[in-house]
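Everything below concerns the one structure shown next.
In the numbering used here, the protein residues as written are 23 to 204.
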């Protein structure tokens with residue numbers, strides 16, 4: 023029994039030492055231009071989704087999330103703060119994010135009404151090592167919820183023409199143009 027315990031302990035010591043040598047050697051390429059290997063992607067994905075799912079359960083979605091006025095206010099926030107990274111229907115590919123890894127998701131392609139808790143948590147808290155900032159220090163919960171209302175209730179259903187029409191009708195201070203960082 024003593025031999026088994028010593029063998030297990032030595033195995034862990036050697037694995038830890040090998041891992042430490044690997045990470046301190048500089049062999050792992052951290053460049054934005056080199057994607058993670060599949061193992062690293064899997065570990066990061068599991069960690070990210072598990073962390074968000076655990077923390078978002080306490081979030082209560084406002085009862086007025088489908089309110090038109092709230093959605094319009096959210097469009098204004100999205101058009102000013104989010105479209106530069108996450109794009110919108112009918113806008114050209116954003117050159118601003120080409121060198122980012124991981125690239126910000128184009129939300130209009132991946133969103134549904136059930137994503138409100140998750141998107142609120144992500145927007146408020148950010149995600150480490152993804153370029154997704156935490157807006158909690160600078161944006162109050164009401165404005166975050168307005169943005170989430172637009173993203174989850176409207177953005178994924180919009181046509182390019184409708185987004186352009188909303189930009190002309192509701193965008194503040196940019197004469198119908200978006201702030202797409204081009």
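A virtual CB, placed ideally from N, CA and C, is assigned to each residue, including glycine.
Keep in mind that this is a model prediction, so the values were computed, not measured.
- Each of 174, 143 and 44 was checked against the Cα of residue 80, and the nearest Cα belongs to 143.
- With contacts defined as CB atoms closer than 7 Å, residue 87 and residue 171 qualify as a contacting pair.
- With three or more CB-CB distances shorter than 8 Å, the stretch 167–181 counts as touching the stretch 100–108.
- Ranked by how close their Cα comes to the Cα of residue 55, the residues 111, 63 and 121 have 121 in first place.
- When the Cα atoms are used, residue 157 and residue 63 turn out to be separated by approximately 25 Å.
- Considering only 175, 118 and 186, the residue with the shortest C-alpha distance to residue 96 is 175.
- By DSSP's assignment, residue 45 forms no beta bridge with any residue.
- For a cut-off of 8 Å, the C-beta gap from residue 129 to residue 108 is around 5 Å, short enough to register as a contact.
- Counting only the Cα atoms, residue 38 lies some 12 Å from residue 46.
- Residue 193 and residue 185 have their C-alpha atoms some 10 Å from each other.
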